[in-house]
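Protein chains: 2
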Amino acid sequence: MAWNTTGLDELPVYEKLVKLARSPFDLAAPGAMSPGRIATYKASAAGFDLIFGTQRLDDTVLNGLQQLADQSGAVDQFLAMKRGAVMNRIEGYESENRQVLHTACRDIFRDPPDNEAATQQAKKELETLELFLAQLDRGEVTNAEGQAFTEYVNIGIGGSDLGPRALYLALAAYAQKNRRVHFISNVDPDDAAAVLQGLDLARTLVGVVSKSGSTLETLTNEEMARAAYARAGLKPRDHFVAITGHGSPMDNPEKYLRSFHMYDYIGGRYSATSMVGAVMLGFGLGYDAVIEILRGANEMDRAAEARDIRKNPALLLALLGIWNHNFLGYDTVAVLPYSQALLRFPAHLQQCDMESNGKSVNRNGEKVSVATGPIVWGEPGTNGQHAFYQLLHQGTSIVPVEFIGFRQSQHEVDLKIKGTTSQQKLVANLLAQALALATGQKDTNPNRFFAGNRPSSILLADRLTPYTMGGLLALYEAKIVLQGFIWNINSFDQEGVQLGKVLANRLLDHMTIVGRGGAKDRSKHPESWAMLEAAGVFQED
Amino acid sequence: MAWNTTGLDELPVYEKLVKLARSPFDLAAPGAMSPGRIATYKASAAGFDLIFGTQRLDDTVLNGLQQLADQSGAVDQFLAMKRGAVMNRIEGYESENRQVLHTACRDIFRDPPDNEAATQQAKKELETLELFLAQLDRGEVTNAEGQAFTEYVNIGIGGSDLGPRALYLALAAYAQKNRRVHFISNVDPDDAAAVLQGLDLARTLVGVVSKSGSTLETLTNEEMARAAYARAGLKPRDHFVAITGHGSPMDNPEKYLRSFHMYDYIGGRYSATSMVGAVMLGFGLGYDAVIEILRGANEMDRAAEARDIRKNPALLLALLGIWNHNFLGYDTVAVLPYSQALLRFPAHLQQCDMESNGKSVNRNGEKVSVATGPIVWGEPGTNGQHAFYQLLHQGTSIVPVEFIGFRQSQHEVDLKIKGTTSQQKLVANLLAQALALATGQKDTNPNRFFAGNRPSSILLADRLTPYTMGGLLALYEAKIVLQGFIWNINSFDQEGVQLGKVLANRLLDHMTIVGRGGAKDRSKHPESWAMLEAAGVFQED
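For the protein sequence lines, the chains are U and E, in the order given.
When the letters of the first sequence are read in order and numbered with this note's numbering, they come out as residues 1 to 541.
When the letters of the second sequence are read in order and numbered with this note's numbering, they come out as residues 542 to 1082.
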């Protein structure tokens, strides 16, 4: 194997970093935030600058982090992943045993790509999509009345919802005229009802996304949507599109207008740039925008191959995260985009990061001896400033922050008030928060005292476009898998979600039995029966 | 003073709880989740059941928590607050020195209320609102063309946005015909642009919410909205409504169709049941729904006066939080509503909780010696199950969870699939997750092993209605202030947000100077200049 099989704490540089962490750089010391430091601690790639002078480190730590990258073979593993190594596995135990090739979806701009087979499949799907979108544009695919489709409902959950939704909302400013996209994800029947009741179903395409074709929430919501079409006297076959695995129960031309395919080597939370996101984004934003997203993602994927951490923002962000989490002991990370359009990007990252790296065994099936993935949360600024920033500045918990911002707005509708535009205010606030967290402020009133010395990074690009959104997505995907490589965990499975499913089915079985008038046989699983009784759910039957 | 002036760790019961925390109840032990435990560990009030058998405690700990409540005088302080004590202050230092009377807004159902003066003011505002809403309904207040208003845009930030927005989205299923509400909050110009461009401004009321009448984000967005009206040839005075303090710059009948008032004794994050939420909710849902929200909140406020923690869900939730945070050492809490309509309720709680309790000095201005407010985060289930639950079940961090659920759906549009409705699936999943976190599961495959013993609580009500939404809001408000009382901190100020504002203004001054062609004088605040240069924001001028 080309990658490490040891934990973070077995790497030679680990003890050195532990020692350095005992007296980390003090951001609040007089003169600490020097212009030289701020200018120098900056790494750039694929349209993004990562400004990190507001992290608690100096050149010695930075060199240590470079060694950590080198000793763990993080970049080698990343390259092996892109080329098709079977990275999704646990050595010696039954596991998914799959390649990890989400990067192949966007490796369409050079020849040969890192993995020929996967990129060929991606290109084929893109051709199918391009044709379908052209048919919609030319009026060759319409509803039964010959009208164009103006709405699209994406039915999916988890990776089939969060990433695609985050991308669409981020880029809705560039939506095509008369094209809007809506989302149904939750098994909560009110979610589907609320979305469907506001739509002209006759003008709506419904994209159902499930790799296995058997995701319970998605099938349930699809049935609710099909029932709504039936009530409206419309044929679902004219409106429903499937995005699913080859040969899944959903891969059925009799039920769907079109099928687009997804592959086992792309996990749900890494699938936004596959057909999972592309069909919906193509409808809403157009095919060219999809290609621009892929181009930005591909450029960031390639930047993430750099071995010099100063030239690789994804790797550097991964290492800064490990420094804060494993060495300085901060348990969470807040992702705070200063862009309202990124309002659901933190929710996507919650899945992508926490489902990937919220693990307790390493790739050899041994219990890990260091902390793995942190808790990821966040909301857009400046809104957050009026919400939870009080705790960031003066709380007893320290929260490392990853700020994300843009120099220009999307809509270009702006006003100068008190001498500056809203976009300038937005950027000024972002930079000010990073400075305030770092420097703090002395005050004789203890309630107005800020200890400072709270770490953050800033990711900046010119404008939130399809290209930079692709880059941002890929930057975080790379950050997450690089951290997983360094922790020596499998960032690509999710066995931790299985137990809840099993128990939910057990409770549903109990409910079905009682619903049919059967007896409450408590001899098996008394705790499940007790929970249902305590919750009072039987009274409604 | 009627309340404690000592910290949590100075109360007699503190050491006892520290000792008990060394061997807390093991939820994963065989038979630990007994039917008796599940049935007994339940507290109910105002339409909600709090099921807490899945917390790591037994009767001994519960008695200790009762003593903690008693010794801290938490309920006495809560009563003092409701009656008008000046709770928003730091002893011996300059501070806001205000009463805390958000509970008075909804104490309108009995005579005399806890605080006569504040409740009289609330009733007067409600009368003004009732009249205004009736005038809208009767067509006595219309646009210049005599048409009814169908849309409402709420412009506010922080407490003038998050709580009201969470309530509206929670209850949008009950919206009046031809009434829709939209929100603009972020200073990001794309936020205002995206909302305004989709609206028929002629049919739109705009509610501007700022107590001081000088919140920069809100004024900026108001100006953007007024500019849009001017471009459309419409008079803002016919469309704009002010919700502001008496005598603020916004309290101006020449600029606004109506003014509604808010008072200094209600902090922004506690203001959702004042005119801050009521005007918008009244437009969208009707006056009766507003009164039902107040009724639910008032009933929960009164339930929160109970000294027996088994009869007081708000106090019990507060104590469970302190047990998990201060004694078991868990730094975050996830609020996971199994209701898509509550999608923004966690964001409201982030503000209400973290801005209230993210503090480092106590009410005497001394540095606290124990952890104060935790990091609050969350997303609706079942969506979260397909996102970050992997970490909840198998991550190296333990995250206490507060589940929220309802036995029935709002829309009553549901389908039986595989023998159960979607609503049943939703509740079954919620209960199953609590059980799975608690019991875990043995497995010979280490990657499929669940350690369990991870704590959670479940809040359940019959249905998410205006009444239960009011109760849920008040339950969390009470939880938060009760925790603050026990920590002996001031949960009602937010000095921690000031430094960021000061630094943002400094950066904006720099940008304005350079924008006017002035020199970059780096002799003062070199770090601010350096940050702007590193961010590359000058190149655009």
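Virtual Cβ for every residue (Gly too), placed ideally from N, Cα, C.
- Beta-bridge partners assigned by DSSP to L336 (chain U): U:F403.
- Between the alpha carbons of K520 (chain U) and M531 (chain U) lies a gap of roughly 13 Å.
- With the criterion set as a beta carbon lying under 8 Å from some beta carbon of chain U, the members of the region 684-715 of chain E are I698, G699, G700, D702, L703, A713 and A714, in sequence order.
- Spatial neighbours of G267 (chain U) in its own chain (CB-CB distance under 6 Å, excluding positions within 5 residues in sequence) are listed in chain order as F492.
- The straight-line gap separating the alpha-carbon atoms of D842 (chain E) and N853 (chain E) is approximately 10 Å.
- A Cβ of chain U is located within less than 7 Å of the beta carbon of S938 (chain E).
- The region 677-693 of chain E makes no contact with the region 787-796 of chain E, as fewer than three CB pairs between them are under 8 Å.
- For the pair D550 (chain E) and V1022 (chain E), the CB atoms are not nearer than the 7 Å cut-off.
- Within chain U, no residue has its beta carbon less than 8 Å from that of W864 (chain E); the closest one is some 17 Å off.
- When beta bridges are read from the DSSP output, F48 (chain U) appears opposite U:A45.
- Under the Cβ criterion of 7 Å, P996 (chain E) is not counted among the residues facing chain U.
- Shown in chain order are the members of the region 1060-1074 of chain E whose Cβ falls below 9 Å from a Cβ of chain U: R1063, P1067, E1068, S1069, W1070, A1071, M1072, L1073 and E1074.
- Contact of T761 (chain E) with chain U by beta-carbon distance below 9 Å involves L415, I417, K418, S422 and K425.
- A882 (chain E) and T60 (chain U) have their C-alpha atoms spaced approximately 50 Å apart.
- Per the C-alpha coordinates, the member of E:L620, E:V1078 and E:S636 positioned closest to A645 (chain E) is E:L620.
- Given a length threshold of 4 residues, each whole run of the alpha helix (DSSP H) inside the region 590-616 of chain E is given here in chain order: 600-613.
- With a beta-carbon spacing of about 19 Å, S248 (chain U) and H102 (chain U) fall beyond the 8 Å limit used to define contacts.
- A225 (chain U) sits away from V241 (chain U), with the two beta carbons spaced by 7 Å or more.
- Fewer than three pairs of CB atoms, one per stretch, sit closer than 8 Å, so the region 502-522 of chain U makes no contact with the region 331-340 of chain U.
- Taking a beta-carbon distance threshold of 7 Å, S753 (chain E) does not count as an interface residue toward chain U.
- In terms of beta-carbon proximity, P777 (chain E) stays away from the interface with chain U, with every pair separated by 7 Å or more.
- Between the alpha carbons of D70 (chain U) and S963 (chain E) lies a distance of about 50 Å.
- Interface residue (Cβ-Cβ distance to chain U less than 7 Å): Y930 (chain E) is classified as such.
- Secondary structure within the region 259-325 of chain U: the alpha helix (DSSP H) runs of 4 or more consecutive residues, fully enclosed, are 275-285, 287-303 and 313-322 (chain order).
- Pairing D872 (chain E) with S397 (chain U) gives a Cβ-Cβ distance under 7 Å.
- Note: R98 (chain U) is bridge-paired with U:N88 in the DSSP secondary-structure output.
- Contact of M224 (chain U) with chain E by beta-carbon distance below 7 Å involves L956.
- In the DSSP assignment, Q441 (chain U) forms a beta bridge with U:F450.
- The criterion of a C-beta distance shorter than 7 Å is not satisfied by I513 (chain U) and L459 (chain U).
- In terms of Cβ geometry, M1010 (chain E) and A562 (chain E) do not form a close pair [threshold 7 Å].
- Under the criterion of beta carbons closer than 8 Å, H934 (chain E) and A979 (chain E) do not qualify as touching, at roughly 11 Å.
- Around the Cβ of F450 (chain U), a 10 Å sphere holds 16 or more other Cβ atoms; the residue is buried.
- Residues of chain U with a Cβ closer than 8 Å to the Cβ of I945 (chain E) do not exist; the shortest Cβ-Cβ separation is about 12 Å.
- For F485 (chain U), not one C-beta of chain E is nearer than 7 Å to its own C-beta.
- The beta-carbon distance between A768 (chain E) and L415 (chain U), rounded to whole angstroms, is 6 Å. This is short enough to meet the 8 Å contact definition.
- In the three-state DSSP reduction, S1069 (chain E) falls in the helix class (H, G or I).
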